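Trainee:
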Amino acid sequence: MVSVGFLKSMFNVSGMVADLKSSNFSIYGQWISYLNIIFCLAFGIANIFHFSAVIVFSIIAIVQGLIILFIEVPFLLKICPLSDNFIGFVSKFDTNLRRALFYLVMCAIQWCSIIVQSTSLIVVAVGLSITATVYALGAAAGQEFKNSAILSDRGRVAASVTNEAVVRDML
């Protein structure tokens with residue numbers, strides 16, 4: 099049986115409550131993006147077994163899920179051995195407007211999968227569309243981009259490591 103204390107230690111409940119009270123669209127966009135990571139990977143893998151051109155969109159969905167993972171969880175950029183070009187690419191998405199445009203392009207790609215065949219990749223397209231809309235609302239409201247407090251306690255550990263190369267060398 100899993101205790102409530104264990105669950106609270108696994109999830110930053112106070113950070114979640116603070117996020118909900120913030121009324122900041124960038125935080126809501128991040129939460130939806132976490133779901134999009136799961137959608138992209140799950141439905142990308144599920145649709146890869148089609149014997150049509152949907153396979154291409156499935157592979158694209160899997161790649162999109164991994165890119166979203168690195169964009170929305172910046173701590174992974176410090177612990178994974180990645181090229182400087184990729185880190186520079188991911189670091190460009192530091193405003194609501196840039197993220198809205200990024201998600202708009204990604205959802206347009208997945209909406210194009212309907213041309214080939216209607217599959218569950220529509221869920222990915224809808225999720226990416228919602229995320230693009232939420233980030234666009236944040237940009238239209240002039241809100242500053244903020245990171246979610248869900249990962250903040252774990253982020254303090256990352257902040258204590260000043261040299262990224264040391265972390266990469268350890269792995």
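Converting from the sequence shown to our numbering requires adding 98 to each position, the first position being numbered 1.
Ideal placement from N, C-alpha and C gives every residue a C-beta, glycine not left out.
Note that the structure is predicted; figures quoted are calculated from it, not measured.
Between isoleucine 153 and the rest of its own chain, which residues show a CB-CB distance below 7 Å, the 5 nearest in sequence each way excluded?
Mentor: Within the same chain, isoleucine 153 has close Cβ partners Ile146.
Trainee: Is glutamine 215 closer than 7 Å to serine 150 when the C-beta atoms are compared?
Mentor: Taking 7 Å as the Cβ cut-off, serine 150 and glutamine 215 qualify as a contacting pair.
Trainee: What is the residue span of the alpha helix (DSSP H) that phenylalanine 147 lies within?
Mentor: Taken as a continuous stretch (DSSP letters only), phenylalanine 147 belongs to no alpha helix (DSSP H), as it is neither H nor E.
Trainee: Taking just the CA atoms, how far does serine 227 sit from leucine 202?
Mentor: If you take the alpha carbons of leucine 202 and serine 227, they lie about 6 Å apart.
Trainee: Hey, out of Gln241, Arg196, Val221 and Ser121, whose CA is closest to glycine 142's CA?
Mentor: The residue with the shortest Cα to Cα distance from glycine 142 is Val221.
Trainee: With C-beta atoms as the reference, is glutamine 208 less than 7 Å away from leucine 219?
Mentor: Yes, these two residues count as a Cβ contact at 7 Å.
Trainee: If you draw a straight line from the C-alpha of isoleucine 136 to the C-alpha of tryptophan 129, how long is it?
Mentor: C-alpha separation (whole angstroms): 12 Å.
Trainee: Mind checking cysteine 210: buried by the 16 CB within 10 Å criterion, or exposed?
Mentor: Burial call: exposed.
Trainee: Spatial neighbours of alanine 198 within its chain, please: CB distance less than 6 Å, with the 5 preceding and 5 following residues excluded, ordered by chain position.
Mentor: Hits under 6 Å: Ala230, Tyr233, Ala234 and Ala237.
Trainee: Cα-Cα, which of Pro179, Glu242, Ser156 and Leu139 is closest to phenylalanine 191?
Mentor: Phenylalanine 191 has its Cα closest to that of Glu242, out of Pro179, Glu242, Ser156 and Leu139.
Trainee: Among His148, Gly186, Ser121 and Ala144, which residue has its Cα nearest to the Cα of isoleucine 160?
Mentor: Minimum Cα distance to isoleucine 160 is reached at Ala144.
Trainee: Can you say whether isoleucine 213 is buried or exposed, counting buried as having 16 or more other CB atoms within 10 angstroms of its CB?
Mentor: It is exposed - the Cβ of isoleucine 213 has fewer than 16 other Cβ atoms within 10 Å.
Trainee: May I ask you to report which of helix, strand or coil DSSP gives glutamine 241?
Mentor: Looking at glutamine 241 - three-state DSSP - the assignment turns out to be coil, as it is neither helix nor strand.
Trainee: Comparing C-alpha positions only, which one of Lys244, His148, Asn245 and Gly163 sits nearest to leucine 133?
Mentor: Comparing Cα positions, the closest option is Gly163.
Trainee: Below 8 Å on the Cβ atoms is my contact criterion, and I expect leucine 175 with leucine 167 to pass it. Report the Cβ-Cβ distance as a whole number of Å.
Mentor: Incorrect: roughly 10 Å between the Cβ atoms, too far for contact.
Trainee: From alanine 330 to serine 121, what distance separates their C-alpha atoms?
Mentor: What the structure shows of the chain is the stretch from 99 to 269, and residue 330 is not part of that stretch, so it cannot be assessed.
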